[in-house]
Amino acid sequence: MTTVFLLLGSNLGDRPATLRRAVDLLQTQVGNVKKTSGLYETAPWGNTDQPAFLNQAVELSTELPPLELLKTTQSIEEALGRVRREKWGARVIDIDLLFFGTEILDFSDLKIPHPYLPERRFALAPLAELAPEFVHPGLRKTVSALLAECVDGSEVKRIGMLSR
-3 MTTVFLLLGS NLGDRPATLR RAVDLLQTQV GNVKKTSGLY ETAPWGNTDQ PAFLNQAVEL
57 STELPPLELL KTTQSIEEAL GRVRREKWGA RVIDIDLLFF GTEILDFSDL KIPHPYLPER
117 RFALAPLAEL APEFVHPGLR KTVSALLAEC VDGSEVKRIG MLSR
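In terms of this note's numbering, the sequence shown is residues -3 to 160.
Below you can see the structure in the form of structure tokens.
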């Protein structure tokens, strides 16, 4: 079993319900969901002319290999209504693979650790709630250190927990 950290995001529709459903589908299709962070309302990144996101980090253990995990999370996104139209556009659900154990992977369609993680406060804040002492295998810094050093000034506000 490999411990995996994911980031869920939603800025269309019933965002809390979508995140709850995504966690349920991860539990049934990917592996054992160990912990979830609180919900964070965050400004959009990239294309800022869209609604605010709700983000949540998820820690789970899985037996799936990395590319199968990617394929499964993409099928969960599609099942929840995601349509890929534009990069960094509004979406019902987004599931990003942040860490796959302590592995460093470089496939054409999957880079782990997530290459933009150190620059994204909206990902680091919920991840730091779950695993502040987890060490980024490439940068050799803890998640809490990455958050402290993050130059992204976007607003990230913890708004509570999602009931399951």
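The C-beta atom is built at its ideal place from N, Cα and C for all residues, glycine as well. These figures come from a predicted structure and were not determined experimentally.
| Item | Value |
| --- | --- |
| Compute the distance between the beta-carbons of Leu8 and Arg116, then report whether it is under 8 Å. | no |
| Can you check which of these residues, Lys67, Asp148 and Leu15, is closest to Tyr112 by C-alpha distance? | Asp148 |
| Roughly how many angstroms separate the alpha carbons of Arg11 and Val19, rounded to a whole number? | 12 Å |
| Restricting to Cα atoms, I'd like to know which of Leu21, Thr(-1), Leu22 and Gly34 is closest to Gly156. | Gly34 |
| Starting from the Cα of Ala39, find the closest Cα among Ala119, Leu123, Leu126 and Leu56 and give me that residue. | Ala119 |
| Return helix, strand or coil for Gln52, following the three-state DSSP convention. | strand |
| Does DSSP put Leu3 in a helix, in a strand, or in coil? | strand |
| Closest by CA to Thr98, which one among Glu151, Val139, Leu76 and Thr68? | Val139 |
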